[in-house]
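**Q**
Number of protein chains: 4
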Amino acid sequence: MPNKNKPPAAAAAPPERRSEILAIAAEVFAAQGYNATTVRRIADAAGMLAGSLYYHFDSKESMVDEILSGFLGELWARYDAVLDARLGPRETIEALVTESFREIDRHRAAVAIYQKESRHLAALPRFRYLTDSQTRFERAWLGTLERGVAEHVFRADLDVRLTYRFVRDTVWVAASWYRPGGLHSPEEIARQYLSMVLDGIAVRT
Amino acid sequence: MPNKNKPPAAAAAPPERRSEILAIAAEVFAAQGYNATTVRRIADAAGMLAGSLYYHFDSKESMVDEILSGFLGELWARYDAVLDARLGPRETIEALVTESFREIDRHRAAVAIYQKESRHLAALPRFRYLTDSQTRFERAWLGTLERGVAEHVFRADLDVRLTYRFVRDTVWVAASWYRPGGLHSPEEIARQYLSMVLDGIAVRT
Amino acid sequence: MPNKNKPPAAAAAPPERRSEILAIAAEVFAAQGYNATTVRRIADAAGMLAGSLYYHFDSKESMVDEILSGFLGELWARYDAVLDARLGPRETIEALVTESFREIDRHRAAVAIYQKESRHLAALPRFRYLTDSQTRFERAWLGTLERGVAEHVFRADLDVRLTYRFVRDTVWVAASWYRPGGLHSPEEIARQYLSMVLDGIAVRT
Amino acid sequence: MPNKNKPPAAAAAPPERRSEILAIAAEVFAAQGYNATTVRRIADAAGMLAGSLYYHFDSKESMVDEILSGFLGELWARYDAVLDARLGPRETIEALVTESFREIDRHRAAVAIYQKESRHLAALPRFRYLTDSQTRFERAWLGTLERGVAEHVFRADLDVRLTYRFVRDTVWVAASWYRPGGLHSPEEIARQYLSMVLDGIAVRT
DNA sequence: CATGAATGAGACTTCATTCAT
DNA sequence: CATGAATGAAGTCTCATTCAT
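If you're matching them up, the sequences are chains A, B, C and D in order. First residue of the first sequence? That's 1 in UniProt numbering, and the numbers climb one at a time after it. First residue of the second sequence? That's 1 in UniProt numbering, and the numbers climb one at a time after it. First residue of the third sequence? That's 1 in UniProt numbering, and the numbers climb one at a time after it. First residue of the fourth sequence? That's 1 in UniProt numbering, and the numbers climb one at a time after it.
1. Once you ignore the five residues that flank isoleucine 67 of chain A on each side, which residues in its own chain have a CB closer than 8 Å to its CB?
2. Just to confirm, is the Cβ distance from arginine 155 of chain A to alanine 202 of chain B under 9 Å?
3. Would a C-beta distance cut-off of 9 Å place glutamate 99 of chain D and leucine 75 of chain D closer than the cut-off?
4. Would you kindly work out how many angstroms separate the C-alpha atoms of alanine 36 of chain A and alanine 175 of chain C, rounded to a whole number?
5. Pick out the complete alpha helix (DSSP H) segments inside the region 98–130 of chain D, 4 residues or longer, and give them in chain order.
6. With a threshold of 16 other CB atoms inside 10 Å of the CB of glutamate 103 of chain C, please say whether the residue is buried or exposed.
7. DSSP state of alanine 202 of chain D, grouped into three classes?
8. Assuming histidine 107 of chain C contacts phenylalanine 71 of chain C under a Cβ cut-off of 8 Å, what Cβ separation, rounded to an integer in Å, is found between them?
9. When you compare the CB positions of glycine 47 of chain B and lysine 116 of chain B, do they come within less than 9 Å of one another, or not?
10. Applying a beta-carbon distance threshold of less than 8 Å, which residues of chain A neighbour phenylalanine 154 of chain B?
11. DSSP three-state call for phenylalanine 154 of chain B: helix, strand or coil?
12. Taking the C-alpha atoms as reference points, what is the distance between serine 133 of chain D and serine 69 of chain A?
13. What does serine 195 of chain D reach in chain C if we use C-beta pairs closer than 9 Å?
14. Helix, strand or coil: which one does DSSP assign to arginine 86 of chain D?
15. In terms of residue numbering, what span does the alpha helix (DSSP H) encompassing histidine 184 of chain D cover?
16. Which bits of chain B does glutamine 134 of chain A rub up against, with CB to CB less than 7 Å?
17. Comparing C-alpha positions only, which one of B/Ala77, B/Ala43, B/Phe101, B/Asp80 sits nearest to tyrosine 178 of chain B?
18. Straight-line CA distance for arginine 126 of chain C to threonine 38 of chain C?
19. How is arginine 17 of chain B classed by DSSP in three states: helix, strand or coil?
20. Does the region 137–149 of chain D come close enough to the region 163–173 of chain D to have 3 or more Cβ pairs within less than 8 Å?
21. Just to make sure I have the definition right: I need the residues of chain A whose C-beta is within less than 9 Å of the C-beta of glycine 181 of chain B. Which are they?
22. State yes or no: is the C-beta of glutamine 192 of chain C nearer than 8 Å to some heavy atom of the ligand PLP?
23. In the DSSP assignment, find the alpha helix (DSSP H) that holds tyrosine 34 of chain D and state where it starts and stops.
24. For leucine 162 of chain B, go through chain A and note every residue whose CB falls closer than 8 Å to its CB, in chain order.
25. Quick one: what does DSSP say leucine 194 of chain D is sitting in, helix, strand or coil?
26. Less than 9 Å between the C-beta atoms of valine 97 of chain C and leucine 194 of chain C, yes or no?
27. In three-state terms, what does DSSP make of arginine 147 of chain D?
28. Here's a check: name, in chain order, each residue in its chain whose Cβ is nearer than 6 Å to the Cβ of glutamate 188 of chain B, leaving out the five neighbours to either side.
29. So, with DSSP's three-state summary, where would you put arginine 179 of chain B?
30. Against tryptophan 177 of chain A, what residues of chain B qualify as contacts under a CB-to-CB distance less than 7 Å, listed in chain order?
31. For valine 28 of chain C, return the contacting residues in chain D, with the cut-off set at a CB-CB distance below 7 Å.
32. Helix, strand or coil for aspartate 65 of chain A, going by three-state DSSP, please let me know.
33. What in chain D is Cβ-close to glycine 33 of chain C, meaning under 8 Å?
34. Between the Cα of alanine 77 of chain D and the Cα atoms of D/Glu16, D/Arg136, D/Glu151, D/Glu146, which residue gives the shortest distance?
35. Work out the CA separation of glutamate 138 of chain A and leucine 183 of chain B for me, nearest whole Å.
Structure (C-alpha cells):
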C-alpha cells in the first residue's frame, strides 16, 4: 500500500512528513468530501504545491486508501479483542459501541470519510476491503444481537436486522458532529447512547 | 421561457417532463453523490443529450435546489400539522418519526441527497434555507424532548442534546438503505424504531 | 437573399413582420455586437421564441447579411447620385460627408454593425460584397481627394492616403455615439465636421 | 501560486512567460474580437493546450483585463505628464495626440481591443475602470478644447463637444489600420493628423 | 405563424497527474 | 524534496438550429 516510488527506507526511519500530510488530507476530505477536495487544496493546507504531493503519494486515491485502511485496521484490532473476549451479548454490544466512539475520538476525520464515501469507493477494486469489512461488521453486530435475543437478553419482538441498521448508523453518523476535546468524552457519549438504545428514553412505568 | 427565473418549487401547470427529469436526477444524485454525478449521466438516464437539460433547468445546481426545496416544503407541511396538533411529548415524537419515515418513503432520493449534501450546499447563499430548516428542525425536536423531560415522560438522566442528535441522525440515515416497496412499510419501520428509542432493546427485568 | 423557405408571395404583399424583426435585430446587434448577440435575445425583443425566427430567416448570418446589404445598397444609391453629378472636389467631399451622416441618421444600427463587424464578416464568402464596397469606397474618396490636390483645392503637403483614412473613420465612427432625434441634425453634424476637416479648428492668424 | 489574487497590472519579478502569452492573446483578441476568440486559439498561438493557459491566468476575462489595464496605466502616465506640464491649448492637444499615436505604436493590439470591446466590457463590474478612464479622458480633452476657445486659439463657432468626439475617435480608430514598422512613424502620423485637424485640408485662400 | 422540445457542436474551465529542473 | 509549467481528459454550460405539432 505504501508508495511505490518511495526509497526503500526501513520502518525505523518513519517518513514523518507522510503521516502529517495524511492527517491534513483526512481533515480536508472529511470537511469537503472526497470528490470535492482538490489535490491543490490539500497541498495548500500542507504548505506545498500540488505536484509535490506526488513525491509522497501515488495519487489522490491512494491517500484515501491509506486513510481508510489505516482506520479500519485499527478498528478491527479493537473489535477483535472485544469479540475474542466472548462476553455476554449486552456486554459485547456495550464494548463494541464504546470502542466505536473511541475510534471516532481518535480518527474523527477518517470515520467521517468512511461514512460519506464508503459507498462510492467500494465500487473500485482497490477498495474491496471496504465491503469485506462491512460484511464482517454485520456478522459481528447481527450475530451478537441474535445471540441476545436467543438468550432473552434483548426483546424478541424487534426486527433484528432493522435494529442492526439503526444502531450501526447512529454510531457512525456521530462522526459528523463529534468534536474531539468537546464536552463529552467518548466513553460518556457511549454510555448515553447505550442507555438510550438498551433501556429507552421513556420513563418506565 | 421555461428556463430563467422560474419559481423553483411551484407552477400552476407543472410541465410533465420537468418533474420527470427531476425525479430521475434525484435518483442519480442519491446514488452517486451530487458532485460525482455528471450532467450527462442525468441526461442519459432521461434519454436526452446533456445540453438538452438546460432547456428545462438553469444549471445542475438549480436541479438539486428544486429537489431539496420541494422535499423540505412538503416535509414542513406535515411537521407543522403535527406540531400544531399540540399532542403530548411522546405522541409528538411518535408522530414526527412516523411522518419522517413516510417522507423517506415518498422522497427517498431527496432525503438521501439532503443527508449527504446538505453541509456542502448550505455554504452557497442560494441554499440558505437548508440551514434555516435545520434550525427549525432542532427547535421542534429539542423542544419536544425537553417538554417530555419536564413532564416526566422522558428520562431526566439523559443528555437531551445528545439524544436529539442520535434520534435525528438515525431517522434520516435510514434513507440510505430504505427501499420503497420493500418488506417494511414506513409505519412499520417507525414503530420498530420508536419501540427501540422509547423503550430500549433490552428485556425489562 | 430572401429566405428560401418563404412562400413565393409577390413583392406586392411585403411581409411586414420581416422588416420589423430585421430592425429589432439590427438594434440588438449594434448594441451587443454580432457574436455576443444570441438569437434568443432577438426573439425576446421581437416577442417570440428563438425557434420562430427561423420561419422568417435562414440563419442569424442571413439576418446581418440582409441588414448590411440593405444599408449598403441604399448608401451607394446616394453616393452614386453624388458622384454622377460631377461636382468639384470640395463640393463632392461635402456631399459625400453629408450623405454619410444622413445614412447614419436613417440606419444608425446598420452603420454601427458595419463599423464593428465588417472585418470579421468579410472573411466569409457570402459577405464578399463588404470588401467590394470598401474598394469602391476607397476609390471614390481617394480619387476625389487626389483630384482636389491636383486642382489646388486641397493642400499638397498632406499624405492623401492618411487623410482618407482619417476622414473615412471619423465619419463612420460617429454611428457609435449618434442618436437620431438628438440635438444635432445630420446636416448640422456634417457642417461642423466639414468645417473642422476643411478649414481646421485653429483660429487663422 | 501565480494564479488567483494576483495584481493584474504589476509584479516585482514579471514571470517571462506570462507577458509573452499576454502579448499573443492581445494580438489574437485584436484580430478576431474578444468574443470570437476562443481560448484554444490563444493557446495554439502560444504553443500550448487550452487548459494550460489557466496555470497563468484565471480566465479569458482576466487576460483582457490585464491587457487593458496595462495599456491604460501606461497611457495615463504619459497623459498626466503632458497635462502637468501646463502647456498652451494648442500645444497640449499636439502633445496628447502625439502621445496617443505613440501608444498605438507601442500597444497597437491593446488599443484596438480597447476601441472595439470597451463598451461591452464596461458593463462588467471588474472593468469599471474603463468608464472611469473615459471620464478622465473627456475631461482632459474637452477642457483643453474649451480653454483653447476661451483663449481664442481655437475657433469659437465649432461645437466643442462634437469636435471632441471627432478628434477622440479618429485618433483611436487609427489602431485598426496602423501597422508598427510601416511607412509612417507615429510622430509623422501625429503631425499629419494635427495638420488636418488644426489647419484643415483646404488650401487657404 | 408560432411553440416547445430537443440536438450537437463547441465554448470556458477544472483538475489529477507528470516531469524536467 | 519541492517548484513551475504543462498535459489531457472530462465537466458544465451556451447556442444556433431543427422539427413535429
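Think of the CB as a built atom: it goes at the ideal place given N, C-alpha and C, for glycine as much as any other residue.
**A** On the basis of the data shown:
1. Looking up residue 67 of chain A in the first sequence gives position 67. For isoleucine 67 of chain A, where only same-chain residues beyond five positions count, the Cβ hits under 8 Å are Leu22, Ala25, Ala26, Phe29, Ala109, Ala110, Ile113.
2. As a position in the first sequence, residue 155 of chain A is number 155, starting the count at 1. As a position in the second sequence, residue 202 of chain B is number 202, starting the count at 1. Yes, they are a contact pair.
3. By 1-based counting over the fourth sequence, the position of residue 99 of chain D is 99. By 1-based counting over the fourth sequence, the position of residue 75 of chain D is 75. A contact, by the Cβ cut-off of 9 Å.
4. Translated into the one-based positions of the first sequence, residue 36 of chain A becomes position 36. Translated into the one-based positions of the third sequence, residue 175 of chain C becomes position 175. Cα atoms of alanine 36 of chain A and alanine 175 of chain C: separation of roughly 50 Å, rounded to the nearest angstrom.
5. Within the region 98–130 of chain D, the complete alpha helix (DSSP H) runs of at least 4 residues are 108–122.
6. Numbered from 1 along the third sequence, position 103 holds the residue referred to as residue 103 of chain C. Glutamate 103 of chain C should be labelled buried.
7. Residue 202 of chain D sits at position 202 when you count from the first residue of the fourth sequence. DSSP places alanine 202 of chain D in strand when its eight states are reduced to three.
8. For the purposes of this step, residue 107 of chain C is identified with residue 107 of the third sequence, where counting begins at 1. For the purposes of this step, residue 71 of chain C is identified with residue 71 of the third sequence, where counting begins at 1. Indeed they touch by this definition, with Cβ atoms about 5 Å apart.
9. The residue you call residue 47 of chain B lines up with position 47 of the second sequence. The residue you call residue 116 of chain B lines up with position 116 of the second sequence. Not in contact: glycine 47 of chain B and lysine 116 of chain B (Cβ atoms no closer than 9 Å).
10. Residue 154 of chain B sits at position 154 when you count from the first residue of the second sequence. Chain A residues near phenylalanine 154 of chain B: Ile201, Ala202, Val203.
11. For the purposes of this step, residue 154 of chain B is taken as residue 154 along the second sequence, with counting starting at 1. In the structure shown, phenylalanine 154 of chain B sits in a strand (DSSP, three-state: E or B).
12. By one-based count along the fourth sequence, residue 133 of chain D stands at place 133. By one-based count along the first sequence, residue 69 of chain A stands at place 69. Cα to Cα, the separation comes out at about 60 Å.
13. Residue mapping note: residue 195 of chain D aligns to position 195 of the fourth sequence, counting from 1. Within 9 Å Cβ-Cβ: Arg155, Asp157, Leu158, Gly200.
14. Along the fourth sequence, one-based indexing puts residue 86 of chain D at 86. Correct three-state label for arginine 86 of chain D: coil.
15. Position 184 of the fourth sequence, counting from 1, holds the residue named residue 184 of chain D. First-last for histidine 184 of chain D: undefined, no H or E at that position.
16. Locating residue 134 of chain A in the first sequence gives position 134, where the first residue counts as 1. Within 7 Å Cβ-Cβ: nothing; glutamine 134 of chain A doesn't reach chain B, min ~12 Å.
17. Within the second sequence, residue 178 of chain B is the residue found at index 178, counting from 1. When only C-alpha atoms are compared, the closest one is B/Phe101.
18. Position 126 of the third sequence, counting from 1, holds the residue named residue 126 of chain C. Position 38 of the third sequence, counting from 1, holds the residue named residue 38 of chain C. About 21 Å.
19. Reading the second sequence from its first residue, position 17 is the one you call residue 17 of chain B. It is helical.
20. yes
21. As a first step, residue 181 of chain B is located in the second sequence; it is residue number 181 there, counting from the start. Simply none; closest approach about 16 Å.
22. The model depicted lacks the ligand PLP and carries no ligand whatsoever.
23. In the fourth sequence, residue 34 of chain D corresponds to position 34, counting from 1. Note, tyrosine 34 of chain D: premise wrong, no alpha helix (DSSP H); not H, not E.
24. Position 162 of the second sequence holds residue 162 of chain B. His184, Ile189, Gln192, Tyr193, listed in chain order.
25. Along the fourth sequence, one-based indexing puts residue 194 of chain D at 194. Correct three-state label for leucine 194 of chain D: helix.
26. The sequence position of residue 97 of chain C within the third sequence is 97, counting from 1. The sequence position of residue 194 of chain C within the third sequence is 194, counting from 1. For valine 97 of chain C and leucine 194 of chain C, yes; Cβs fall inside 9 Å.
27. Locating residue 147 of chain D in the fourth sequence gives position 147, counting from the first residue. Of the three classes helix, strand and coil, the one that applies to arginine 147 of chain D here is helix, per DSSP.
28. As a working note, residue 188 of chain B is residue 188 in the second sequence. Around glutamate 188 of chain B: no qualifying Cβ.
29. On the second sequence, residue 179 of chain B is found 179 positions in, with the first residue counted as 1. Three-state result, arginine 179 of chain B: coil.
30. Taking the first sequence and counting its residues from 1, the one referred to as residue 177 of chain A is at position 177. Neighbours of tryptophan 177 of chain A on chain B, chain order: Arg165.
31. The count along the third sequence starts at 1 and reaches residue 28 of chain C at position 28. Under the 7 Å cutoff, chain D gives no residues; its nearest Cβ is about 13 Å from valine 28 of chain C.
32. Your numbering for residue 65 of chain A matches position 65 in the first sequence. Three-state DSSP puts aspartate 65 of chain A in a helix.
33. Translated into the one-based positions of the third sequence, residue 33 of chain C becomes position 33. The answer, in chain order, is Gly33, Asn35, His120.
34. As a working note, residue 77 of chain D is residue 77 in the fourth sequence. Minimum Cα distance to alanine 77 of chain D is reached at D/Arg136.
35. The residue given as residue 183 of chain B occupies position 183 in the second sequence. The residue given as residue 138 of chain A occupies position 138 in the first sequence. Rounded to whole angstroms, leucine 183 of chain B to glutamate 138 of chain A spans 19 Å at the Cα level.
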